[in-house]
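Enquirer: Following this message is one structure expressed as structure tokens.
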Amino acid sequence: MELDLEGQHAERAYPLLASLVTPRPIAWVTTLGPDGAVNLAPFSFFNLLGAHPPILGFCPGDRDDGTPKDTARNIRQMHEFVVNLVDEATAEAMNRTAASLPYGVSELAGAGLTTLPSSVVRPPRIAESPASLECAEWGTLQIGDNRLIIGLIKRIHVRDELFDPATQRIRTERLQTIGRMASPNWYCRTGDRFELRRPD
Ligand SMILES: Cc1cc2nc3c(=O)[nH]c(=O)nc-3n(C[C@H](O)[C@H](O)[C@H](O)COP(=O)(O)O)c2cc1C
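Position one of the sequence shown corresponds to residue 315 (our numbering), numbered consecutively onward.
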């Protein structure tokens, strides 16, 4: 089957691609409005982009009326954000924070979440997340309705039991991150792992 995203299937691009390109990690992004309100929203158009320097990217789409989502609007003004990771324990709270609230109304209280201060950026991190990445905006590309926000990762916060100081590695067998699957409402757990060694 061949599907033409420039023709017959153009309007189906989102459900088709979001159901095929799976699983996707979820960036649960905290930003600060100019009045100090903490904004929190999930984005699965997200990935790690590089390590030297450490960079990531995620992509809020503009609203139907052409205005940016609150996350993009706040980053355009403050140039800082925190990407919090989502695990099985925080999945439902994450989903609640996808509600569209009026600008300046925080998603945190309704989702039963609390924050901790960040070290080098102003937006706080989510205390309930297993790990959080403090980021400074490197730049934002506007491509049609998409805003690809690229962040320089300045700090990792990871729950103590997830980090092995002896090996300096993450104890991935204890990390229960979830992934975004088919549109509109599917997710996966990441507990079913297997190892493949690379050829020499
Ligand atoms: C798991 C999940 C992933 C999402 N991924 C995206 C995404 O990649 N891009 C996007 O624009 N919206 C995405 N959304 C919808 C936004 O979270 C939603 O529009 C939110 O209200 C935006 O909040 P804000 O206006 O506070 O930035 C996603 C929602 C969920 C539940």
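Beta carbons are placed, not taken as given, at the ideal position from N, Cα and C, and that holds for glycine. These figures come from a predicted structure and were not determined experimentally.
With burial defined as no fewer than 16 other Cβ atoms inside 10 Å of the residue's Cβ, what is the status of Met-408: buried or exposed?
Expert: buried
Enquirer: Tell me the start and end of each unbroken alpha helix (DSSP H) in the segment 385–463 that is at least 4 residues and wholly inside, in chain order.
Expert: Look at the segment 385–463 and you find these whole runs of alpha helix (DSSP H), each 4 residues long or longer: 405–410.
Enquirer: Tell me whether Phe-508, by its Cβ, gets closer than 6 angstroms to a heavy atom of ligand 1.
Expert: no
Enquirer: Specify the secondary structure class of Leu-363 as computed by DSSP and reduced to three states.
Expert: strand
Enquirer: Flag Asn-353 as yes when its Cβ comes closer than 6 angstroms to any non-hydrogen atom of ligand 1, and as no otherwise.
Expert: yes
Enquirer: Output the boundary residues of the beta strand (DSSP E) element that contains Pro-525.
Expert: As shown, the chain starts at 315 and ends at 514. That puts residue 525 outside it, with no answer to give.
Enquirer: Mind checking who Asp-478 pairs with in its DSSP beta bridge?
Expert: Paired residues: Arg-483.
Enquirer: Run the CB neighbour count on Asp-401, radius 10 Å, all protein chains shown included, and call it buried at 16 or more, exposed below.
Expert: buried
Enquirer: Which value, in whole angstroms, describes the spacing of the CA atoms of Pro-437 and Leu-354?
Expert: Rounded to the nearest whole angstrom, the CA to CA distance from Pro-437 to Leu-354 is 10 angstroms.
Enquirer: Can you grab the Cα-Cα spacing for the pair Trp-500 / Val-434, in whole Å?
Expert: 35 angstroms
Enquirer: Mark Asn-388 as exposed unless 16 or more other C-beta atoms lie within 10 angstroms of its C-beta, in which case mark it buried.
Expert: buried
Enquirer: Provide the residue span of the beta strand (DSSP E) that contains Ala-341, from first to last.
Expert: 341–346
Enquirer: So the candidates are Gln-391, Leu-462 and Val-352; which of them puts its Cα closest to the Cα of Asp-376?
Expert: Leu-462
Enquirer: In terms of DSSP beta bridges, what is Pro-368 paired with?
Expert: Paired residues: Ala-365.
Enquirer: Label Ala-386 either buried or exposed according to how many other C-beta atoms from any shown protein chain fall within 10 Å of its C-beta, with 16 as the threshold for buried.
Expert: Taking every protein chain shown into account, the CB of Ala-386 has 16 or more other CB atoms within 10 angstroms, so this residue is buried.
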